[in-house]
Structures are given as C-alpha cells and as structure tokens.
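K.L.:
Have a look at this one.
In my numbering, the protein residues as written are 1 to 113.
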C-alpha cells in the first residue's frame, strides 16, 4: 500500500492512499474533528459512511478553492490533501464560541439565532 502525506488543521499526518480521511485521522489518534454549529460542542466520528453527521471538514485545494462540509468518512485520502475543521475559532482545541454552551438553558429547543 502506498502512503500519503496529508494535513489536518495545519498538522501533518501520514495515511494509506485511497483510504478515507476519517480512518487516517483515527489511525493517527485524532478523535476531535469539529464543533457543533449552535453551541460549538466538541464533535467526533459517529459513523463510517455518508450518513456521518459530525465529521464535516473543509477541503482546501488552494487559496481560491475551498470546499466546506465534506464528510471525512467519504473523502478519499490522497498525497497532499489539506483539510481543516469547521465551526471553531481560533482553534479546534480552544474554541472561544464554546461559551455559547453556558447559555443553552436560556434558549428554547430549535433556537438558532
């Protein structure tokens, strides 16, 4: 099997070419891959296919071409792949907007704005 170098959130990893981004991240010990849209709660992998609701990433081709909301469980790994997590600032590990979770008891179910 041919190896492929890829990056996720600026950190370099190695995986097996043709495998999925999700399996390569898991093989490298990466479990946190995003944040929820509303409260910015941590999100990891939940399933292994196209039904995956949590592992949505942005695929970066170059500065002008970025594709958001790609499921890591269906994105084929290739050498040079660059992916970023979504719904976080300034970083996935420390998301300032996670403070929204503290206010969750004050909002009704379905409140988004």
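All C-beta atoms, glycine included, are put in the ideal place defined by N, C-alpha and C.
1. Within 10 angstroms of its Cβ, does residue 65 collect 16 or more other Cβ (buried), or is it exposed?
2. Measure the C-alpha to C-alpha separation of residue 68 and residue 74 and round it to an integer number of angstroms.
3. Let me check one thing: in DSSP terms, what residues is residue 14 bridge-paired to?
4. Count the other C-beta atoms from every protein chain shown that fall within 10 angstroms of the C-beta of residue 95, then say buried if there are 16 or more, exposed otherwise.
5. Nearest by alpha-carbon distance to residue 47: which of 27, 62, 61, 71 is it?
6. Determine which residues share a DSSP beta bridge with residue 95 and list them.
7. Within the continuous beta strand (DSSP E) that includes residue 81, where are the two ends?
8. Classify residue 69 as helix, strand or coil using the three-state DSSP reduction.
9. According to the neighbour-count rule (16 or more other Cβ atoms, all chains shown, within 10 Å of its Cβ), is residue 103 buried or exposed?
P.N.:
Judging by the given coordinates:
1. An exposed status is given to residue 65, since fewer than 16 other beta-carbon atoms sit within 10 Å of its beta-carbon.
2. 14 angstroms
3. Beta-bridge pairing links residue 14 to 5.
4. buried
5. 71
6. 90
7. 81 to 85
8. Residue state, collapsed to three classes: strand.
9. exposed
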